[in-house]
Structure formats: structure tokens, C-alpha cells
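Heads up: the sequence shown runs through residues 34 to 919, numbered per this note's numbering. Every residue gets a Cβ at the ideal spot worked out from N, C-alpha and C, and that includes glycine. The structure presented is a predicted model; accordingly, all values stated were derived computationally and were not measured.
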Amino acid sequence: MSLKTYSRSLLSYWGSWTLRHPLVVLLIIGLLTVFAWQYTVNNLSINTDNTDMIAPDAPFQQNLRKYEKAFSQDVHKALLVVESDTPELTKSATIRLGRLLRADKANFESVYIPTENSFFHQNGLLYLNVDDLQALSTNLSQAQAFIGRIAQEPNLTGFFSIFDDALNSANKNQELPLDLPPLIDKVSLALHKSMNGENNLLSWESLIAEKKLSGQGSDKGFINVAPRLDYTQIRPAENAINAIRKAITEIQQPGLPAVKVWITGEVGLEDDEIVGMSSGTFNACIFSVILVLFILLVAYRSILFTIATLFTLALGMVFCGAFAAFSVKELNLISVAFAVSNIGLGVEYAIHFCLRYRDNLLLHVQKEKAIRSTLVSTGPSLLLCAGTTSIGLYAFVPTDYKGVSELGLLAGTSLFICLLITLTVLPALLKFIPVSVKSEPQTTHPFLTTLAEKLATFTLHYAKPIAIVTGLIAVISVVLVFKVKTDFNPINLRDPNTESVIAFQNLNKDPDTTPMTLTVLATDEQKAKAIEQKLGALGSVDKTVSLFDFVPSGQEEKLAMIDDMALMLGSQSQGFPPLKPDNNPIPAINRLLKTIDNILPAKTDAHEIAALQAFKAELQDILLELDTRQEPGRRLFIEKIQTTLLGTLPGAMNELLTGLNAREITLDALPADIKERWLSKEGLYRIQIFPKKDLNDLDNLEHFITDVQLVAPETTDLPVIYWESMKEVVDAFKKAITIALITIALLLYAIRRNVTDTLLVMTPLILAGLFTMASTVLTNTPINYANIIALPLLLGLGVDNGIHMVEKLHHSLSEAQNIYQSSTARAMFYGALTTASSFVGLAFSPHQGIATMGLIITMGIFWIMICTFIVLPALSKLVLKEKISS
């Protein structure tokens, strides 16, 4: 007895038993469903940690683990980037935010502010280069008299009196201690903003020093936060992120400019990605469910059939979830897509069954006989489809891409689970659904019927031209396939409008703050210095940083310059006094206005005249406000103006004065929190390498990595992980798809014992894949981590359709017959629509990886339908014409 005959005999027996005991079948399935649901809930979880998702045992992953073990304080961190209008406010907000987060032990393991320690406060000036330090000395020398005066009277009256004296001195042709016009411009702008309702601060650090006084050269504040992560939740860092946002709200100070804090880094990026994927996928699911319902209603013209199909699908999903809980226990961000694939392929089985059943009702008056006939006729074909499709999915199990490996196992096995549920539950349900053959409505709209007839005639009549055109398009597609782009930079897959991505990209624009750096570990000091010297000479390297770079160069010369600054300030270097309240600055303002009126007529410089006129206008507005305000509003207004103009001066001066106590730095003198980030407990020295070019360009990325690896083969960090992961994934998919195609072809030949049929099934599959890849070039859609899983899903759908169509074409190759009106063709069409509906909504997701996956799958399904419904019949007419003539 052949396998086909045996399977039909078994299905006939099974159908007879099921139809005799439908309630027993449904009761047993119901009890098993309850057990499966409970087992799934108790044993299946989601692990959103994607650290070991790709090639966990590959050398580049081992290098990464070695680095993470040596410097664990840099792993799984959120990076907070603090920004404001002034560096002083940025510093104070950074310190306050860090304090709040340190106090929250429930959500954070550690909080580290790189420059917030007494070491940098005291020695920050040594990290300026000689030119910047000389510029600071010059500025300080010019401002020394100004600073001395304001220190004696630190309020608005003293401030305006200094301007009055300075303008009078200028009018008498005496040498000025400051270049007044630029200072007046900045003061006028600050007053204008404050008078017009804006919260604003004049930055005295920016006036005194061109570089940050800490010597770190950035106007941003950085906080490295280690949150407590819960990988059993969809968003492991949700509680920590919410705590950070709450703390950000608390550090905002009334009356001062708002402080912006960006949450980025590894944790911030992953959290925003999960949120984007969840919201995009949820919206797509809602859209897909509505679309699937509509398609099923159009296909069946029956609400009861639609409900039976969805009920069968729901049962299948429960049992598939139980298998996932048993086999992998944890779903990752890739393998969770098996649920989406089950919707498309699972519904397709039910559609084939129900449409064939409706056709059989016209031949068998008895309902049970129609159900049994449907089971016997569709079962073998559906079983073959499940077998060939599962091979395509199982081929990814042995790959090093864990996400797709588990996806292949789950999706491949779920096909059989969904098929088993369909062949078990659906016949039992259909027995209870009332149908009337005579009143059975037409299943296809007359317009669609006419279109199908014309398409069938056209496809078979013009078989040769269609084959020629297909060949030409295939040749063009082969050329385009060599231009397929790959983009495995995870940043480019995320929503570009999210906070974490914007912050990451902004950091990436600055060569001093870019996260796209490489890391090399050296086993001792001599090797570290030798490697750093070689790396610094590479053309693709901008600079290197190691522990030794925290010992400033030229310290003797710099310390001498710092001592000179301290001598120049004299007693002022002991500390700057706090601001004093000013109850009545009006006399000082009036004197200053009188001085401006006296000197303006003699001025000839246009810039100086404009600066003085703007300054005068702002001073007059202050007087107007003071005249029209009553207490306590008048006092609050004075405090606001004083804070705007002088609020940052004491802090900036005291930080500078602290820096005048700098001392010679040696390696041994470096504080522990710096050493432990560059020298591990095991004695490994860390060398950080910064790129010279933009690493978003794959050529630049490859060149940078290759150059550094020639010096240090065990180089690691983000660029290496991105690059090596890309190669691993591409190689894994090439290998898996080759194995899948060969195995599917062998299985088809083993079952059908016919080379022609095997080639006819494989041809539309290969062509559709070829055309889909060519379409990615035309639409400028790179292949990435997310959308690459579209390939195995399309492989399965293509095989299914090819088997069904070849089976039908053996009996319907005459132009007089309408191959598209058969239940098989209609089921293929509606099945493809339901599968497409499961993914088309994803194309509108803000997450670029999800969106491109939806786009590629939609394009793939389109090409599968073209190749199956047009190309395959045309090729079959040419290949099987001998059979037709006979």
C-alpha cells in the first residue's frame, strides 16, 4: 500500500470516528486545551536579553565576554545625557540627579558620574592643553579687576557699578580690564530673555574659560546608571526608566531654565526598542485581526464558518504555546514571531478545508459524507505541505543565530500542531454547523468569477510569452541580487524619533563622545603602551585613551601657569563670597543709564553703539518693572534679575579657584573609581580606540575594524559585535536556505516520484525569492536582523502554494477549464491574503526593523502569488503539454 493510499485510509477511519463522536472529541480537546493553557502560563516566559542571540560561542562573543567580565561596571548600563542652557546648571543638575538615583536602591545597583569627584575638581585644569590654559590665564588676567570688585559687593548694585566705572574709564581713554561690547551683548541678551518671561542664566564659566574647567571638553553631563533588570518582563528596565523620569521632574527648579535629560545607552535603547516593537506590533495585530475577519467572511460568506476557523486557530495557538513552554521555555525577541507565522499558515489549513467542504456539499447531499470526503482529499496534500514547509523552517535550527534557530523549531513544529488541530476539531465543529445545499450562496462575486476565467484563459493561452518575460525578469533580478544591501547596525533598525536614538546619534556626531569605539585589552603596562602607540599611528584611528592618558602631559609647565594665575588673583584665590540680597538697585541703574547717555554721542563704532543702546533699553525696562510692582513681587523680580546675571558666578569662580590647587598627578595618585574602569582586578589594561570616520558607512566600519585587528586581533566592542554578527547571520541564512531548498526538493521527489513535478514546485519558490530580493534593491530596503526572518516564512508559504497548484494543474490544464475557480486555488488566494494581513500592518510600525520585515513579507507574498498563479500555470502548460495532448 502506497503512503498516499495509507494516509487516505487512515484519514477516512479517523473522520468516521470523529463524526460519530464529535462531542467526545471536542470534550477531550477542551480538557487538553485547559491543561495546555495552564502549562503555558506557568512555564513560558519572555527573555528580552539579546546578548547571546547570535553565535554565543564565536570568538568575537568570547572576546566580548572577557571584556565584560574584566570591566563589568560598563555592562548593561543606561547613559543619561544632561543638557541645559549653561554649563553651571548642567553640572548642578547632573549632581542632583545622581544623588536622587543613588538613594533609590530598589531600582538601581550603581550610579556613576565620571567627572564628579574631588580629583577632577582639583586637577581639572591640568587636562587642558597648554594653549587653552594660556587662553584661560589671559581671560582671567583681563577679568581680575572685575572679579575683585564684584567679590567686594556681590549683588546687582555692585555689578552695575562696575559697568558704570568701566564705561567712564573708557570715556576717559583709560585701559579697560575687559572687552566690554561682547560682555554687554551677552548681559543684554540675558536681561531681554528674563524680562520677556524666559528662564535664563548668564554663564560665567563660558565668559571666563573657553573650555570646561574640568578639562573634559564637553558641555554635557553624563551619568552611568546600572538599573536592576527583570528579564521576566517585556520591559526589563521599565521600573528603573520610570524612576529616572520621576527624578528628572524633581530636579527642575522653578525660575531657572529647564534641564533636558536624555536616556540612552544600552538599556535606554533596548527599552525604547521594546516599546516601539510592542506598540507597532499591537497596532498591527489589531489591524490584522480585523483584516483576517473580513477576508474570511468574503471567502466563506458564512459567519459560522468564520467563527469555526478562528476557534480552531485559537486552540492551535494554545497548544503551540505549550510546545514552546516545553521545548525552549523562554521566547526571545525573534522567536516570538512564530505566533505571527502560525496565524497565516494555520488559517490557511482551515481555509483549504472549509472551501473544499463547501464544494463537496454540492456533490454529497449527506453532510457527514462531504466532511469525510474533504478530510480524505485535503489531508494528504496539507500533510505534505506541512512537511515541506517545516523542513524549510527546521533548516534554521542548527544555525548560530539563536533567535531564528528557536523560531525555526517552534514555527516548524507548530505547523503540525495547527494541522492536527484543524483535522481534528474542524470536522467535529462542521458537523454542528447547519448548511443547506440549495440555499448555499455563490462563493465568489460575479466580477471576480469573470476575471478569474479571463486570467485562466490568458495564462494558458500565452504560456510561452509569459515564460520568456519571466526569464528576462529573472536575469535582471539576478543582477540586482548582487546589489542587495545589508544593514546590521541595530541603531538604524530603531525608531529614529525616539529619545534614546536621537541622543545616541547626537553623541555619535561628536568624536569625543561617540559610543562607536573599539576596545583592546593588554595584559601588562608595557604591552598596553606599545599597542596604544601602534594604534595611534593608524590612519583610521582618531585617538586612543587608556589609563596612562589620565596622567597629563607637560605637567611642570601647566603647574607653573596655574601658580601664576593663583598669584595674580592674590587674596581672591581663597574663595568667592555668596551673593547678597539687593533691596534697591535703582540708584546704581540710574547712574549707569546717565553714564550711557553721556558717552553715546561720542561713540563711532556701530557695534558698540548698538550694544549700548540695547543695554540701555533693557535697563529702562527693569526700572519700569520696579516702579510698577508691589511687594513681594518687587523683591522677587530683583532676585530673578540678580540670579539671571550673577547666579552662576560664585559656583564658576569657586570651581576655578579649587582648580588652582592642582598637584602633580602620577598613576598611583589616580582615584580608584578611575583606575577600576581602565585597569581590571586581574591586571588587564583597557585601551579605547576612537574612529576617524563615520562608522554608519559599512566600508568605513570594515576598514576601522580591520586596521585595529591587525594590531590587536582580540579587539571587541560595539563595531565588532555589529560587524561580526552581520557576517554570522548572513552566513547562517545562506547555509540554512541552501539546506532547506535541497531537502525540500529531495522530499518532494521522494513523495511524488517525479522530477518534473518537483521542479515545477520549486521553480515558483526560487523565482519568488529572487524577485523579492531584487525588490529590496529597488525599494532601497536593506536586509537586517529583523526582516531577515521573512525568508524562512516566505519559503514555507511558497512551498505550500506550489504543491497545491501543481496537484491542481495535473487535472486542469485545458484553457476551457478555470483553474482559479477551484477550492484549491481560492484557498491559496485567501490563505495568502490572510498571511499578508498578518504582516502588512507591520510595514507602518515606527520600528524600522519591524517595518521593513512587514514590507519584505508583503512584497514576497505578492511575488509568490504572481509566480504561483501566473508563471507556474504557464510553465506547466509548456512542460506538461504531452500529457494534455494524450
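| request: Buried or exposed for V574, please, with buried defined as at least 16 other CB atoms from any protein chain shown within 10 angstroms of its CB. | output: On the sequence shown, residue 574 is found 541 positions in, with the first residue counted as 1. That one is buried.
| Is there contact here, the segment 687-704 with the segment 526-537, by at least three beta-carbon pairs under 8 angstroms? | no
| said: Does Q653 come out as helix, strand or coil in the three-state DSSP assignment? | reply: Numbered from its first residue, the sequence shown carries residue 653 at position 620. Q653: helix per DSSP, three-state reduction.
| task | Give the C-beta separation of L224 and E651 to the nearest angstrom, bearing in mind that I take them to be a contact with Cβ-Cβ under 8 angstroms. | result | Taking the first residue of the sequence shown as 1, we reach residue 224 at position 191. Taking the first residue of the sequence shown as 1, we reach residue 651 at position 618. About 4 angstroms separates the two Cβ atoms, so the contact holds.
| field | Residue from T457, K497 and R98 whose Cα sits closest to the Cα of K910 | value | Numbered from 1 along the sequence shown, position 877 holds the residue referred to as residue 910. It is K497 whose Cα lies nearest to the Cα of K910.
| Per-residue DSSP class, three states only, for G181 | In the sequence shown, residue 181 corresponds to position 148, counting from 1. Here G181 sits in helix by DSSP.
| query | Looking only at its own chain, which residues have a Cβ that is under 7 angstroms from the Cβ of P474, when we skip the five neighbours before and after it? | reply | In the sequence shown, the residue the question calls residue 474 occupies position 441. Note that P474 scores a pLDDT of 45, beneath 50, so its modelled location is shaky and nothing firm can be said.
| Close beta carbons around E142, own chain, < 8 angstroms, minus the five adjacent residues each side | For this step, residue 142 is matched to residue 109 along the sequence shown. Result list for E142: A259, P260 and R261, in chain order.
| Inside the segment 535-619 only - beta strand (DSSP E) runs reaching at least 3 residues | 551-555 and 574-578
| task | Taking A419 and L452 to be in contact with their CB atoms under 8 angstroms, please state how far apart those CB atoms are, rounded to whole angstroms. | result | Looking up residue 419 in the sequence shown gives position 386. Looking up residue 452 in the sequence shown gives position 419. Yes, they are in contact, since the Cβ atoms of A419 and L452 sit about 5 angstroms apart, within 8 angstroms.
| request: Say whether the segment 454-461 touches the segment 786-804, bearing in mind that this needs 3 or more beta-carbon pairs closer than 8 angstroms, one atom from each stretch. | output: no
| Less than 7 angstroms separating the beta-carbons of N820 and T885? | The count along the sequence shown starts at 1 and reaches residue 820 at position 787. The count along the sequence shown starts at 1 and reaches residue 885 at position 852. Going by C-beta atoms, N820 is nearer than 7 angstroms to T885.
| request: Could you please give the first and the last residue of the uninterrupted alpha helix (DSSP H) stretch that includes Q71? | output: Taking the sequence shown and counting its residues from 1, one reaches residue 71 at position 38. Taken as a continuous stretch (DSSP letters only), the alpha helix (DSSP H) holding Q71 covers P55 to N76.
| query | Can you give the Cα-Cα distance for S40 and T891, rounded to whole angstroms? | reply | Taking the first residue of the sequence shown as 1, we reach residue 40 at position 7. Taking the first residue of the sequence shown as 1, we reach residue 891 at position 858. For S40 and T891, the distance between alpha carbons rounds to 34 angstroms.
| What is the DSSP secondary structure of T297, counted as helix, strand or coil? | Taking the first residue of the sequence shown as 1, we reach residue 297 at position 264. Reduced to three states, the DSSP call for T297 is strand.
| field | Runs of alpha helix (DSSP H) lying entirely within the segment 262-330, each at least 4 residues, in chain order | value | 271-284
| field | Rounded Cβ spacing between H837 and S414 (contact assumed at less than 8 angstroms) | value | The residue given as residue 837 occupies position 804 in the sequence shown. The residue given as residue 414 occupies position 381 in the sequence shown. About 6 angstroms; that satisfies the 8 angstroms criterion.
| What is the DSSP secondary structure of F723, counted as helix, strand or coil? | The residue given as residue 723 occupies position 690 in the sequence shown. The answer is strand: DSSP assigns F723 an E or B state.
| request: Tell me whether the beta-carbon of P290 lies closer than 7 angstroms to the beta-carbon of S438. | output: In the sequence shown, the residue the question calls residue 290 occupies position 257. In the sequence shown, the residue the question calls residue 438 occupies position 405. For P290 and S438, no; Cβs fall outside 7 angstroms.
| request: Return yes when the Cβ of V810 is within less than 7 angstroms of the Cβ of L568, no when it is not. | output: As a first step, residue 568 must be located in the sequence shown, where it is residue number 535. As a first step, residue 810 must be located in the sequence shown, where it is residue number 777. No, they are not a contact pair.
| query | Are T345 and A383 touching if we call contact CB-CB under 7 angstroms? | reply | The sequence position of residue 345 within the sequence shown is 312, counting from 1. The sequence position of residue 383 within the sequence shown is 350, counting from 1. For T345 and A383, yes; Cβs fall inside 7 angstroms.
| Is it buried or exposed for Y718, if we count other Cβ within 10 angstroms and need 16 for buried? | If you number the sequence shown from 1, residue 718 lands on position 685. That one is buried.
| What is the DSSP secondary structure of G230, reduced to helix, strand or coil? | Translated into positions along the sequence shown, residue 230 becomes position 197. Reduced to three states, the DSSP call for G230 is coil.
| query | Going by alpha carbons, who is nearest to T148 out of I128, E658 and A242? | reply | The residue given as residue 148 occupies position 115 in the sequence shown. Of the candidates I128, E658 and A242, the one whose C-alpha sits nearest the C-alpha of T148 is I128.
| How long is the line joining the alpha carbons of A91 and S758, rounded to whole angstroms? | Along the sequence shown, one-based indexing puts residue 91 at 58. Along the sequence shown, one-based indexing puts residue 758 at 725. For A91 and S758, the distance between alpha carbons rounds to 10 angstroms.
| task | Give the straight-line distance between the Cα atoms of I79 and R268, rounded to the nearest whole angstrom. | result | Residue numbering aside, residue 79 sits at position 46 when the sequence shown is read from its first letter. Residue numbering aside, residue 268 sits at position 235 when the sequence shown is read from its first letter. Between I79 and R268, the C-alpha separation is close to 10 angstroms.
| query | Any C-beta of chain C sitting closer than 7 angstroms to the C-beta of R624? | reply | The chain labelled as chain C is not found in the depicted structure, where only one protein chain is given.
| request: Let me know if N156 comes out buried or exposed under the rule of 16 or more other beta-carbons within 10 Å of its beta-carbon. | output: Mapped onto the sequence shown, residue 156 falls at position 123. Buried: at least 16 other Cβ atoms inside 10 Å.
| query | If you compare alpha carbons, which of W756, R135 and A807 is closest to P523? | reply | Taking the sequence shown and counting its residues from 1, one reaches residue 523 at position 490. Checked all of W756, R135 and A807; the closest Cα to P523 is W756.
| For Y818, which three-state DSSP category applies? | Translated into positions along the sequence shown, residue 818 becomes position 785. Coil, per DSSP.
| request: Per DSSP, which residues does A259 bridge with? Please list them. | output: For the purposes of this step, residue 259 is identified with residue 226 of the sequence shown, where counting begins at 1. BP columns for A259 point to S143.
| query | According to the Cβ coordinates, are T628 and N201 closer than 7 angstroms? | reply | Within the sequence shown, the letter at position 595 stands for residue 628. Within the sequence shown, the letter at position 168 stands for residue 201. Closer than 7 angstroms, so yes.
| Which whole runs of the alpha helix (DSSP H) in the segment 669-735 are 4 residues long or more, in chain order? | 682-692 and 705-708
| query | Which first and last residues belong to the beta strand (DSSP E) in which L780 is found? | reply | In the sequence shown, counting from the first residue as 1, residue 780 sits at position 747. From DSSP, L780 is part of no beta strand (DSSP E) but of the alpha helix (DSSP H) over L751 to R785.
| task | Using three-state DSSP, classify Y427 as helix, strand or coil. | result | For the purposes of this step, residue 427 is taken as the residue at position 394 of the sequence shown. If DSSP states are grouped into helix, strand and coil, Y427 belongs with the helices.
| Just checking my contact of P683 with L612 at CB under 8 angstroms: how many whole Å lie between their CB atoms? | On the sequence shown, position 650 is the one that residue 683 refers to. On the sequence shown, position 579 is the one that residue 612 refers to. Confirmed, about 6 angstroms.
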